[in-house]
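Working notes, beginning with the structure itself.
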Amino acid sequence: MKVSSVGLRDRIYLLGLVAVVGLFALVFLLRHEFGTTTYQYQKTTLIATVWGPQPGTFGLFYPPDGEIIGPRTFAVGENGTVYIFDTVKHNIKRFDSDGRFIRSIGKNLYGYALAWHNGFLFLLDGEALHKYDENGLEVGAYPISPAIKLHEGYGQWLRVTSDDALYVKSGRKAYRIFSDVDEGAFPQDRQVATERTGTPNRLGNRWYRLIRQSDSRRLLEIEDGKGKVLQGIVLETSGHFGNNYFLEEDNKGNIYVETQQVDDDDRIQLGVWVFNKRGKRIAELILPNRYHTSVYKKVLVDGQGTIYQMRTEPDGVYIDRWIRKGSS
Numbered sequence: 002m003k004v005s006s007v008g009l010r011d012r013i014y015l016l017g018l019v020a021v022v023g024l025f026a027l028v029f030l031l032r033h034e035f036g037t038t039t040y041q042y043q044k045t046t047l048i049a050t051v052w053g054p055q056p057g058t059f060g061l062f063y064p065p066d067g068e069i070i071g072p073r074t075f076a077v078g079e080n081g082t083v084y085i086f087d088t089v090k091h092n093i094k095r096f097d098s099d100g101r102f103i104r105s106i107g108k109n110l111y112g113y114a115l116a117w118h119n120g121f122l123f124l125l126d127g128e129a130l131h132k133y134d135e136n137g138l139e140v141g142a143y144p145i146s147p148a149i150k151l152h153e154g155y156g157q158w159l160r161v162t163s164d165d166a167l168y169v170k171s172g173r174k175a176y177r178i179f180s181d182v183d184e185g186a187f188p189q190d191r192q193v194a195t196e197r198t199g200t201p202n203r204l205g206n207r208w209y210r211l212i213r214q215s216d217s218r219r220l221l222e223i224e225d226g227k228g229k230v231l232q233g234i235v236l237e238t239s240g241h242f243g244n245n246y247f248l249e250e251d252n253k254g255n256i257y258v259e260t261q262q263v264d265d266d267d268r269i270q271l272g273v274w275v276f277n278k279r280g281k282r283i284a285e286l287i288l289p290n291r292y293h294t295s296v297y298k299k300v301l302v303d304g305q306g307t308i309y310q311m312r313t314e315p316d317g318v319y320i321d322r323w324i325r326k327g328s329s
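Position 17 of the sequence shown, counting from 1, maps to 18 under this note's numbering, and the rest follow consecutively.
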């Protein structure tokens, strides 16, 4: 049986088209699943405010001894709303997703770690956890067990997961204070019994633990909710590491780690390393590391993978935002 030249050409064209589509699909799979894709980010300065007594400005205090005091912690809420705790004026300042000052929340507030969850703000003061609505009204105060030795300082946080569990950090340990933020805190003995090393992700179903293997090498160990090791990711640098912290796991399963790399002259490079869910590094951001005051929470990441950094300069307070290019 003869095959017409037109029919043969159509078949060859169709086979070629299938081959091209298959090739593009294979490249996409390899790039996205095996880590050859590198994410690019666009940085903008979202908030730039000055020191001063006026509304929307931040307090600054120069003690006779010790570090200059300014805002130390911040949180990001729904739709990119930013909350910054003013340590000197003892209130929380709210900014919209375009960086415009909305208003100050609360009076005579004290604390060092701040979190937002489902319309409420949680402020940890070292002895108790305080819950406020977005008008600054305190709706709950929950004592932390004295057996949990909290440490005010860099990298010491509180975190609320999407299943409404609330954790506080003490050194490298985490303690669950609530099982449900709407029902109240655990009894103090049960708070102590929840001790676990590491940090939960935003869903609360995986835990991340950084293990020092040498000056230049860290292992990020990923565990399930019951402590079973699922995966390990190696972090290495040509110099040596300072403090490294797990930041977040975004909606796509990408993993964010705050890094400090120290060179031979003891200069510290602050950065964020991003890994895909297979453990391949897909982005490295170098962040400004100039601080006029002591800041306990410098960087956070939301579920979309947007990165926020709070900085303090001699002229004021800044929030920088990095959005991944191509993100909606």
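Virtual Cβ for every residue (Gly too), placed ideally from N, Cα, C.
Inset, instruction - Any chance you could list the alpha helix (DSSP H) runs of at least 4 consecutive residues sitting entirely within the segment 146 to 228, in chain order? - result: Annotation note: the segment 146 to 228 contains the following uninterrupted alpha helix (DSSP H) runs of length 4 or greater, listed N- to C-terminal: 189 to 194.
Inset, instruction - Entirely within the segment 77 to 153 and at least 3 residues each: give me those beta strand (DSSP E) ranges in chain order. - result: Those beta strand (DSSP E) runs which fall completely within the segment 77 to 153 and span 3+ residues are 83 to 87, 92 to 96, 102 to 106, 114 to 118, 121 to 125, 129 to 134 and 139 to 144.
Inset, instruction - Determine the direct distance from the alpha carbon of V193 to that of G185, and round the result to whole angstroms. - result: On the sequence shown, position 184 is the one that residue 185 refers to. On the sequence shown, position 192 is the one that residue 193 refers to. Roughly 16 Å between the two C-alpha positions.
Legend entry - Run of the beta strand (DSSP E) containing L61, from where it starts to where it stops: For the purposes of this step, residue 61 is identified with residue 60 of the sequence shown, where counting begins at 1. Taken as a continuous stretch (DSSP letters only), L61 belongs to no beta strand (DSSP E), as it is neither H nor E.
Legend entry - Span of the beta strand (DSSP E) around G44: As a position in the sequence shown, residue 44 is number 43, starting the count at 1. The sequence as given places Lys at residue 44; Gly does not occur at that position. Where K44 is concerned, the enclosing beta strand (DSSP E) starts and stops at Y42 to V51.
Legend entry - With 16 other Cβ atoms within 10 Å as the buried cut-off, status of I212: For the purposes of this step, residue 212 is taken as the residue at position 211 of the sequence shown. Under this definition I212 is an exposed residue.
Inset, instruction - Determine the burial state of V275: buried for a count of at least 16 other Cβ atoms within 10 Å of its Cβ, exposed for fewer. - result: Position 274 of the sequence shown, counted from the start, is the residue given in the question as residue 275. Burial call: buried.
Inset, instruction - Kindly provide the ranges of any alpha helix (DSSP H) runs that are 4 or more residues long and lie completely inside the segment 218 to 288, ordered along the chain. - result: Complete alpha helix (DSSP H) runs here, min 4: none at all.
Inset, instruction - Measure the alpha-carbon distance for D181 versus D266 and round it to whole angstroms. - result: The residue you call residue 181 lines up with position 180 of the sequence shown. The residue you call residue 266 lines up with position 265 of the sequence shown. D181 and D266: Cα-Cα distance of roughly 47 Å.
Inset, instruction - Just confirm the distance between the C-beta atoms of R210 and L236, as a whole number of angstroms; I'd bet it's less than 8 Å. - result: If you number the sequence shown from 1, residue 210 lands on position 209. If you number the sequence shown from 1, residue 236 lands on position 235. So it is not a contact: roughly 13 Å between Cβ atoms.
Inset, instruction - Decide yes or no for the touch test of the segment 270 to 286 against the segment 50 to 57: beta carbon pairs closer than 8 Å, at least 3 of them. - result: No: the two stretches stay apart, fewer than three of their Cβ pairs being nearer than 8 Å.
Legend entry - Coil, strand or helix - Y319 by DSSP: Taking the sequence shown and counting its residues from 1, one reaches residue 319 at position 318. In the structure shown, Y319 sits in a strand (DSSP, three-state: E or B).
Legend entry - Of the listed residues Y168, F247 and E135, nearest to L151 (C-alpha basis): Taking the sequence shown and counting its residues from 1, one reaches residue 151 at position 150. That would be Y168, whose Cα lies nearest to the Cα of L151.
Legend entry - Cβ neighbours of I324 in the same chain (closer than 7 Å, five flanking residues each side left out): As a working note, residue 324 is residue 323 in the sequence shown. Excluding positions up to five away in sequence, the list reads Y42, Q43 and T307.
Inset, instruction - Let me know the secondary structure DSSP gives T307 once reduced to three states. - result: Sequence index remark: in the sequence shown, residue 307 carries index 306 (1-based). Looking at T307 - three-state DSSP - the assignment turns out to be coil, as it is neither helix nor strand.
Inset, instruction - Would you decide whether A26 is buried or exposed? Buried here means 16 or more other CB atoms lie within 10 Å of its CB. - result: On the sequence shown, position 25 is the one that residue 26 refers to. Any reading at A26 must be qualified, since the residue scores a pLDDT of 43, below 50, and its modelled position is unreliable; the value itself is stated next. The residue in question, A26, is exposed, as its Cβ has fewer than 16 Cβ neighbours within 10 Å.
Inset, instruction - Measure the alpha-carbon distance for G205 versus D251 and round it to whole angstroms. - result: The residue you call residue 205 lines up with position 204 of the sequence shown. The residue you call residue 251 lines up with position 250 of the sequence shown. Their backbone Cα atoms lie some 12 Å apart in a straight line.
Inset, instruction - Quick one: using the 10 Å Cβ neighbour count with 16 as the cut-off for buried, is N202 buried or exposed? - result: Here residue 202 corresponds to residue number 201 of the sequence shown, with the count starting at 1. That one is buried.
Inset, instruction - Give the DSSP-derived three-state secondary structure of R312 in the structure shown. - result: The residue you call residue 312 lines up with position 311 of the sequence shown. Three-state DSSP puts R312 in a strand.
Inset, instruction - Using a threshold of 9 Å, state whether the C-beta atoms of G71 and I93 are closer than that. - result: As a working note, residue 71 is residue 70 in the sequence shown. As a working note, residue 93 is residue 92 in the sequence shown. Going by C-beta atoms, G71 is not nearer than 9 Å to I93.
Inset, instruction - Report yes if the C-beta distance between E153 and Y113 is below 9 Å; otherwise report no. - result: As a working note, residue 153 is residue 152 in the sequence shown. As a working note, residue 113 is residue 112 in the sequence shown. Yes, the Cβ-Cβ distance between E153 and Y113 is below 9 Å.
Inset, instruction - Give every residue of the same chain whose Cβ lies closer than 6 Å to the Cβ of V4, excluding the five residues on either side of it in the sequence, and list them in chain order. - result: As a working mapping, residue 4 is identified with position 3 in the sequence shown. For V4, the predicted structure reports a pLDDT of 48, less than 50, and the residue's modelled location is therefore unreliable. The matter cannot be settled from this model.
Legend entry - Reference F121, options I103, Y84, D97 and G127, closest by Cα: Translated into the one-based positions of the sequence shown, residue 121 becomes position 120. If we check each option's Cα against that of F121, Y84 comes out closest.
Inset, instruction - Go ahead and label K229 buried or exposed: buried means 16 or more other beta carbons lie within 10 angstroms of its beta carbon, across all protein chains shown. - result: Along the sequence shown, read from residue 1 onward, the residue named residue 229 stands at position 228. Around the beta-carbon of K229, fewer than 16 other beta-carbon atoms lie within 10 Å, marking it exposed.
Inset, instruction - Determine the closest residue to G156 out of T162, L115, D164 and D264, with distance taken between C-alpha atoms. - result: Here residue 156 corresponds to residue number 155 of the sequence shown, with the count starting at 1. Nearest to G156 by C-alpha distance, out of T162, L115, D164 and D264, is L115.
Legend entry - Pick from T162, G60 and T58 that is closest to G304, judged by C-alpha positions: As a first step, residue 304 must be located in the sequence shown, where it is residue number 303. For G304, the nearest C-alpha among the options comes from T162.
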